[in-house]
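According to the numbering used here, the stretch in the sequence shown is residues 695 to 920, in order. Positions of the beta carbon are idealized from the N, C-alpha and C atoms, including for glycine. The model shown is predicted, which means the values in this text are computed figures rather than measured ones. Here the structure comes first, spelled out in structure tokens, and everything after it is commentary.
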Amino acid sequence: PTASTLLSWIAQGKLRKELLSPNRIRLLATQGSPKAKDLVTKIFGSVNVEGTQERDKVVRAMSQQLNADVRGDAKKGWLVYDRICGQCHVMHDRGIEVGPSITANGRGSFEQLLVSVFNPSLVIGDAYRSVTIRTQDGSVITGLLVSKDDQKTVVKTQGGKIVSVPAQEIEIFQQDKRSLMPEGIENQLTPEELADLFALLTLEKAPESPDNMQVPGTPEKLHRKR
């Protein structure tokens, strides 16, 4: 099938959108037909090619690191998840829902997972674009837009806190093309912590679940016993 046909099937729910890799999505968004580009935006939201090239280098470096002779402990990965991911995401009923649930999103393959973690602004749904509000007293509020009308703007911030700002107090309102999820997670974790986190994230079910499977493309060594 053509790219437009494939995208149409995804839009109709006949195929899972996880079947398309982030790099394929980027290619369709930049070089696809007008119809394909429209469908990419409809299905995936904004595709930010400009300004994400440096993060591409990080994705490649982290892929090489995790494909090397590293071993992770999925159960220890929960400790890293709670600190890094769980403040804004829910996975297997654990965490705080600010961004999308990652139980079934962003983990369709090892490649998709790498991009989701290390280049979070490459492909982002409009509902998850970062919002920044500057109030007249100089306060700055950053989060995800919940609602906006003539009376007030409501934002959900990190940790799940809901903040309502009266319209007359807003000096600047800006919705960015970038994700609320911060870049640079690789600088906050040791190689061992990264291996533990990815050992967790690459499992389709919680670590204690029987008959667990790894997402496609997961490095074989990552789940070897230490």
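Cβ atoms of Gly726 and Ala705 stay farther apart than 8 Å, at about 14 Å. One Cα belongs to Ala798, the other to Ser702, and the distance between them is close to 21 Å.
CA-CA distance, Asp787 to Ile796, rounds to 10 Å.
DSSP places Lys729 in the uninterrupted alpha helix (DSSP H) bounded by 728-738. The beta carbon of Gly802 sits closer than 6 Å to those of Glu712, all from its chain and outside the five residues before and after it, given in chain order. Judged by their CB atoms, Val849 and Ile835 are nearer to each other than the 8 Å cut-off.
In this structure, the straight-line span from the alpha carbon of Ser841 to that of Arg720 is close to 29 Å. Annotation for Asp776: the continuous alpha helix (DSSP H) segment containing it runs 768-778. In the three-state reduction of the DSSP assignment, Glu877 falls in the coil class. Separation of Met875 and Pro695 (C-alpha to C-alpha, rounded to the nearest whole angstrom) is 34 Å.
Taking the CA atoms as reference points, Gln868 sits about 15 Å from Gly832.
Using a 10 angstroms sphere on the CB of Ser858, the tally of other CB atoms stays under 16, which defines it as exposed. Ser824 counts as buried, since at least 16 other C-beta atoms from the protein chains shown sit within 10 angstroms of its C-beta.
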